[in-house]
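First the structure, in the form of structure tokens, and then the observations on it.
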Amino acid sequence: MATKIADIAKAANLSSAAVSLALSGKKGVSKENRSRILQIAKDLKYEQNKIKNLTNPSKSGTILFLRIARHGHTINRDHDVFIADYIDGLSEGSTTFGYNMIMNSFRAISVPKVIESISGIKYQGIIVLGTELSVEDFTAFEALDVPIVFIDTFQDYLQFDFVDMNNIDGIFKMVNHFVQQGYENIGFLRSNVKTGNFRLRFEAFKEISKFLNLKINSESIITVDSTFDGAYEDMKEYLNTNPSLPDGLVSSNDIMAYGVIKALNEFNIKVPEDISIIGFDNLPLSSIMNPPLTTIKVSKHEIGKTAIRLIHNRIHGNINAPPVKVLIGGELIIRGSVKPKN
1 MATKIADIAK
11 AANLSSAAVS
21 LALSGKKGVS
31 KENRSRILQI
41 AKDLKYEQNK
51 IKNLTNPSKS
61 GTILFLRIAR
71 HGHTINRDHD
81 VFIADYIDGL
91 SEGSTTFGYN
101 MIMNSFRAIS
111 VPKVIESISG
121 IKYQGIIVLG
131 TELSVEDFTA
141 FEALDVPIVF
151 IDTFQDYLQF
161 DFVDMNNIDG
171 IFKMVNHFVQ
181 QGYENIGFLR
191 SNVKTGNFRL
201 RFEAFKEISK
211 FLNLKINSES
221 IITVDSTFDG
231 AYEDMKEYLN
241 TNPSLPDGLV
251 SSNDIMAYGV
261 IKALNEFNIK
271 VPEDISIIGF
281 DNLPLSSIMN
291 PPLTTIKVSK
301 HEIGKTAIRL
311 IHNRIHGNIN
321 APPVKVLIGG
331 ELIIRGSVKP
341 KN
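Residue numbers are given in my numbering: position 210 of the sequence shown equals residue 210, and the series is strictly consecutive.
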């Protein structure tokens, strides 16, 4: 299996963003860490064409990848592996079409400031990790007269290209799996952070529950933070009120499920004996935790490659053509966090 940025980050005990900066020769990484990252990449036989793709001029031009953390509740170290898969897909796609890719990370600054900071860079297109962007943030990009593709988010009515996971498809597979296992009392772990994907997943849960003739109990909609520590603390607070719990929980993502399961264990509520949980993202920890987490797997690598293909088509086609919005379907990975009902 080919070495990925996430593998290098794990071996170096550094973030995926730091690894990408080091491989691309950009500032923001100490000399010592840069040398260590490059040596680990060499030892792990990380594909040299990927490193070249991040550093060398290209006949096709340059694509900017903007990693914008507006509040940091979802773009953070908890999700580093998740984001690294996007970067690997973007890198592979850039190599295929002959682009140089430059990654820029921004934290807690406005989108107009982001746009101002890249004004001195010559580029042919931009791919934006739009997870934490608001509608106002999206519209700020309208000032740029270059092809732009947003990933990890989706807006029906905005005139941009988007590549995202199919949230409705994923939630249907989660809820339907519970139904097939004999569940009727199914709850939802809702994030208190407003992102496009979290909103779509909650709306999908309500619509699919209605479609499958399931009654939604308002007490079974549990709102927690989207970080591991935040979900853990919020779930403890919820459990201290001694409410009745649903038989199964659909979680907005894996990270929230991890924090909630930790809280449940402290209250001696066992998964899946007392309550079953399904996550969304298939992060690496999901396969090795106890119990292993049933979850939705969507190829972030494929999303990254698709984004490069879209932007390549824009660069060499009609930039003013109608927007293209691509949704990538997911696969339910069945593990040990769901127990069939008797």
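Where a beta carbon is used, it is the ideal one built from N, C-alpha and C, also for glycine.
Backbone CA spacing between residue i and residue j [nearest angstrom]
i      : j      : result
Val29  : Val193 : 30 angstroms
Phe141 : Lys113 : 11 angstroms
Phe154 : Glu136 : 14 angstroms
Gly329 : Thr131 : 18 angstroms
Glu266 : Glu233 : 11 angstroms
Met289 : Phe160 : 39 angstroms
Ser105 : Ile68  : 6 angstroms
Val179 : Tyr157 : 33 angstroms
Glu32  : Phe82  : 26 angstroms
Leu66  : Ser35  : 24 angstroms
Asn217 : Gly187 : 7 angstroms
Ser299 : Lys236 : 32 angstroms
Arg335 : Thr295 : 8 angstroms
Tyr258 : Phe228 : 6 angstroms
Gly196 : Ala263 : 27 angstroms
Gly230 : Asn320 : 42 angstroms
Ile8   : Ser220 : 40 angstroms
The beta strand (DSSP E) enclosing residue i, as first and last residue numbers
i      : result
Thr62  : 62 to 69
Gly125 : 125 to 129
Phe198 : It is not in any beta strand (DSSP E) - Phe198 instead sits in the alpha helix (DSSP H) that spans 196 to 211.
Phe106 : 100 to 107
Gly279 : 276 to 280
Three-state secondary structure (DSSP) of residue i
i      : result
Glu331 : strand
Asp7   : helix
Leu249 : strand
Ser30  : coil
Ile148 : strand
Thr295 : strand
Ile186 : strand
Val111 : helix
Leu54  : Bear in mind that a pLDDT of 48 at Leu54, under 50, signals an unreliable position, so the number given afterwards is only what the model happens to contain. Three-state DSSP puts Leu54 in a helix.
Lys215 : coil
Lys42  : helix
Ile118 : coil
Val19  : helix
Ser35  : helix
Asn49  : For Asn49, the pLDDT reaches just 47, beneath the cut-off of 50, and the residue's location in the model is therefore unreliable, although a value from the coordinates is still provided. Residue state, collapsed to three classes: helix.
Leu239 : helix
Gly230 : helix
Pro284 : helix
Residue i: first and last residue of the uninterrupted alpha helix (DSSP H) it sits in
i      : result
Lys262 : 254 to 266
Gly89  : 80 to 97
Val175 : 167 to 180
Ile308 : 300 to 315
Per DSSP, cross-strand counterpart(s) of residue i
i      : result
Met289 : In the DSSP output, where bridge partners are listed per residue, Met289 has none listed.
Val224 : Ser191
Thr139 : Per DSSP, none; premise fails for Thr139.
Phe160 : In the DSSP output, where bridge partners are listed per residue, Phe160 has none listed.
Lys325 : Phe162
Exposed unless 16 or more other CB atoms sit within 10 angstroms - verdict on residue i
i      : result
Glu273 : exposed
Asn318 : exposed
Gly120 : exposed
Arg201 : buried
Arg190 : buried
Leu54  : Low confidence applies here, because Leu54 scores a pLDDT of 48, under 50, leaving its location unreliable and the question unanswered by this model.
Pro322 : exposed
Gly182 : exposed
Asn213 : exposed
Asn246 : Here residue 246 is Pro; the residue named in the question, Asn, does not match the sequence. Buried: at least 16 other Cβ atoms inside 10 Å.
Arg107 : exposed
Ile109 : exposed
Asp43  : exposed
Asn100 : buried
Ser276 : buried
His316 : exposed
Gln124 : buried
Glu92  : buried
Ala143 : exposed
Gly89  : buried
Cβ of residue i within 8 angstroms of any chain C Cβ
i      : result
Arg314 : No chain C appears in the structure shown, which is made up of a single protein chain.
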